[in-house]
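Novice:
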Amino acid sequence: MLDFNQSNHRIEKAGFVRKPEKGGLTITQVASPLRRPVIVPSLDNETVDRRDRNHVAWTSVRQERWEGELVVQGEIPLWLKGTYLRNGPGLWHIEDYNFRHLFDGYATLVKLQFENGRLIAGHRQIESEAYKAARKNKKVCFREFSEVPKYENFMAYVGDIAKLFSGASLTDNANTGVVKLGDGRVVCLTETQKGSLVIDPNSLETLGRLEYSDSLGGLIHSAHPIVTDAEFLTLLPDLVNPGYLVVRMEPGTNERKVIGRVNCRNGPAPGWVHSFPVTEHYVVVPEMPLRYCAQNLLRAEPTPLYKFEWHPESKAFLHVMCKASGKIVASVEVPLFVTFHFINAYEEEDEDGRVTAIIADCCEHNADATILDQLRLQNLRSFNGKDDLLPDASRVGRFTIPLDGSPCGKLESALEPDEHGRGMDMCSINPTKLGKKYRYAYACGAQRPCHFPNTLTKLDLVKKKAKNWHEAGAVPSEPFFVARPGATEEDDGAVISLISEKNGNGYALLLDGSTFEEIARAKLPYGLPYGLHGCWVPKE
C-alpha cells in the first residue's frame, strides 16, 4: 500500500466571508482555497477517465484518499455537530479489468464532519485484505459478490473451493454499511462475517478486523444488524441445517450470545437476510423465497441470481421471536416478496394494551428477483431515457403478522406507489422510533423516466403522502436523518445525502427534516461514486 505523508492531508484554516450567490442562496462559510487533491498515480486516473465515460455515480473513485473543507451555500444548523459516515462500493476495476456488478466494488468510506456551521469532507478506501491483495497482485484475489479469482488451472480452482468451505477465499470487502457500536467503535460491514472491519471515524483509517470471540462459527450474517447504544442484534443463516440463529452482542465485548433459533419452514436453504426488523420486544426473521444456493457459491462464473436461487414453490414466511425468551410466538406464511431493506416494525395493540399483531415495513420489489441482475454496472451505465430497469420496481410493503395463531399474514402497500414514482429503497427513520410506531421515513424514490432511484423522498405513512426532491441528472444516495437534540417532533432534524451529478461533479446536500426543503449544500472537488449506507457519530 502507499505510504501517505500525513502533512499532505492537513486541513487548511478557513477564512469566513459573506456574499450573495446567484439564485438567492448565500455562501456563508467560505474556506480558504481548497488544496488540490493528492493524486495517487497507481490508480491510473488517465485510464479511469478514458475508459469510464459514464455517470460519475457508476465510475470508480478518482483517488484513494482526499480531505478538505468545503464551501457551504446556505446555513448549516449550529446544532448539527458530528460526523456522517457513508460506506459503499467505489472502485470497480483493477488495472484494465472491469467488475460486473455494483456490489463488487472495493469499499470507499466518505465522511462529512459538521461543526459550528462548517463542513469538512473526506473519503478513503477501506483497506480490507481483499483490496490490498488486489492492488498488490493486480487482480481479484478473493470471492466478491459476482467476481471470483481467475484460475490458472483446474487444480487452482479446486484449491480455491477447498478454501471456500473454511471461509478463507471469501471476501472481507466491507462495502455495505457502517455502524457505531454502543461502546464507540465504528465498524464497516458486509455479508461475510470476516468483513467486519473497525475504522477510525476521523481519519477513516482501517484499524483492523472485529474478531468475534465466541464459537458460533458460520461464514455469513445479515449485512444490516440492529445497533443501539445498548446492544447489537444480528442473524446468522445456517446453510447446512436451514435456519437462522438470532444473536446479541453487548457493548464492550466481541462475544455474540444466542437468543434463539428459527428453523426454515420450507426450501432447500435459508432465504437471503440482507436485513431484518425488530420491535420493542420481538425480532422478526424473514424467510424469503430468494434463497442461498451452495451450487452458485461454487461456480467460477455468476448466474443471473448470483449466490441465490428463486424458489417460489417454497413460499415465503415471517417468524417472530421474543427477545427475552428466544421463543417463537408466530410463524406465518405471507405473499411472495423480495426486499433488500426493512424500514421499521412495531407492535399493534388493542384497546386493552395487548399486542395483537406486528407491523413490519420494507422496500419491496414486487416479488421480482431480477432486481439483482438489473444492478449490473453495464445496465446502470447504459440509461437510454426509458424505464428499462425500473418498471414498477418497488413500493413500501407493509406486513401484518397476527399473534393470535393465524397461519397467514398480509402484505399490502403502505401508500400508493405513484406517490414516490414506483421506485423505493434506501430508507432511514428517526432512530428514537426504532421498533416503535412511527410516521415518517426518508428514502430514495423515482421521477420517471429513470432506470435507478433518482429522488429523495419523505414518506408520511399516516397521511399516505410523499414529498420528493429531484434534480435532473442527479443520483442521490441514501437520505440519512439526524434528529435535532431536544426535539419533540418526529421529523424535527436534518436529512443528509451525497449527490452524484451527470456532469461529473457532486455535492453534499442538507434538507430540513420537516419541510423537506433544501437548507444547505456544499460542492465536492469532484463527484463521488454512488454509496450505500451510513451512520451518525455525534461529537462528544
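Those letters in the sequence shown? Residues 1429 to 1968, per my numbering, in order.
A virtual CB, placed ideally from N, CA and C, is assigned to each residue, including glycine.
Fair warning: this is a prediction, and the values are worked out from it, not measured in the lab.
#1: Can you give, in chain order, each stretch of the beta strand (DSSP E) that sits fully within the region 1852-1908 and has at least 3 residues?
#2: Specify the secondary structure class of Pro1740 as computed by DSSP and reduced to three states.
#3: Considering only their Cβ atoms, is the gap separating Phe1770 from Leu1789 smaller than 8 Å?
#4: So who's on the other strand from Ala1722, going by DSSP bridges?
#5: Within 10 Å of its beta-carbon, does Cys1872 have 16 or more other beta-carbons around it, so buried, or fewer, so exposed?
#6: What residue from Gly1545, Pro1577, Ala1900 has the CA that sits closest to Thr1599's CA?
#7: Which stretch, first to last residue, makes up the alpha helix (DSSP H) that contains Gln1802?
#8: If we ignore side chains and look at the alpha-carbon of each, how far apart do Arg1546 and Lys1539 end up?
#9: Using the three-state DSSP reduction, which class does Glu1847 fall into: helix, strand or coil?
#10: How about Tyr1525 and Gly1962: are their beta carbons less than 8 Å apart?
#11: Extract the residue ranges of the beta strand (DSSP E) inside the region 1592-1679, only unbroken runs of 3 or more that lie entirely within it.
#12: Look at the Cβ atom of Gly2046, then the Cβ atom of Pro1653, and state whether they are nearer than 8 Å.
#13: Tell me whether Gly1518 is buried or exposed, calling it buried when 16 or more other Cβ atoms sit within 10 Å of its Cβ.
#14: With 16 as the cutoff for other CB atoms within 10 Å, does Arg1464 come out buried or exposed?
#15: Quick check on DSSP: helix, strand or coil for Gln1491?
#16: For Val1910 and Val1711, what's the separation of their Cα atoms in angstroms?
#17: Give the straight-line distance between the Cα atoms of Glu1684 and Leu1746, rounded to the nearest whole angstrom.
#18: Just how far apart, CA to CA, sit Gln1806 and Phe1573?
#19: Only counting the same chain, and skipping five residues up and downstream in sequence, which positions put a Cβ closer than 8 Å to that of Ala1894?
#20: Taking the Cβ atom as the reference point for each residue, do Ala1948 and Ser1928 lie within a distance shorter than 8 Å?
#21: Just checking, does the region 1829-1836 make contact with the region 1850-1861 on the three C-beta pairs under 8 Å criterion?
#22: Whole angstroms are fine: how far does the CA of Ile1548 sit from the CA of Thr1828?
#23: Are the beta-carbon atoms of Pro1907 and Val1890 separated by less than 8 Å?
#24: How many Å lie between Gly1587 and Thr1487 at the Cα?
#25: When the Cα atoms are used, what is the spatial distance from Ser1856 to Glu1580?
#26: Does the beta-carbon of Leu1803 have 16 or more other beta-carbons within 10 angstroms, so that it is buried, or is it exposed?
#27: Are Tyr1534 and Asn1482 closer than 8 Å when you measure CB to CB?
#28: What distance in whole Å lies between the Cβ atoms of Leu1831 and Ala1795, which are believed to be in contact at a cut-off of 8 Å?
#29: State the Cα-Cα distance for the pair Val1762 and Val1674, rounded to the nearest angstrom.
#30: Could you tell me whether the region 1712-1722 touches the region 1621-1637, where touching means 3 or more Cβ pairs closer than 8 Å?
#31: Looking at the structure shown, is Leu1805 part of a helix, part of a strand, or coil, going by DSSP?
#32: With respect to the alpha helix (DSSP H) encompassing Lys1564, which residues constitute its N-terminal and C-terminal limits?
#33: With DSSP collapsed to three states, give me the class of Met1749.
#34: Look at the Cβ atom of Lys1892, then the Cβ atom of Tyr1774, and state whether they are nearer than 8 Å.
#35: Quick test of your reading: Leu1800 and Phe1880, contact by CB under 8 Å. State the CB separation rounded to the nearest angstrom.
#36: When the Cα atoms are used, what is the spatial distance from His1702 to Ser1650?
Specialist: The structure says:
#1: 1853-1856, 1868-1873, 1883-1888, 1893-1897
#2: helix
#3: Inspection of the sequence shows that residue 1789 is occupied by Asp rather than by Leu. It is a contact, given that the beta carbons lie within the stated cut-off.
#4: The partner list for Ala1722 (beta bridge, DSSP) is empty, contrary to what the question assumes.
#5: buried
#6: Pro1577
#7: 1799-1802
#8: 13 Å
#9: helix
#10: no
#11: 1605-1608, 1614-1617, 1625-1627, 1634-1637, 1660-1666, 1671-1677
#12: Coverage of the chain is limited to positions 1429 through 1968, which leaves residue 2046 absent and any answer about it impossible.
#13: buried
#14: The predicted position of Arg1464 is uncertain, since its pLDDT is 39 and thus under 50; a value taken from the coordinates is nonetheless stated next. The residue is exposed, with fewer than 16 neighbouring Cβ atoms inside 10 Å.
#15: coil
#16: 25 Å
#17: According to the sequence as given, residue 1684 is Arg; it is not Glu. Looking at the two C-alpha atoms, the distance is approximately 23 Å.
#18: 15 Å
#19: Leu1843, Glu1847, His1848, Gly1873, Thr1885, Lys1886, Leu1887, Asp1888
#20: no
#21: no
#22: 43 Å
#23: no
#24: 33 Å
#25: 45 Å
#26: buried
#27: no
#28: That belief does not hold up - the Cβ atoms of Ala1795 and Leu1831 are roughly 25 Å apart, past 8 Å.
#29: 21 Å
#30: no
#31: helix
#32: 1557-1565
#33: strand
#34: no
#35: At roughly 14 Å, the Cβ-Cβ gap does not stay under 8 Å, so Leu1800 and Phe1880 are not in contact.
#36: 5 Å
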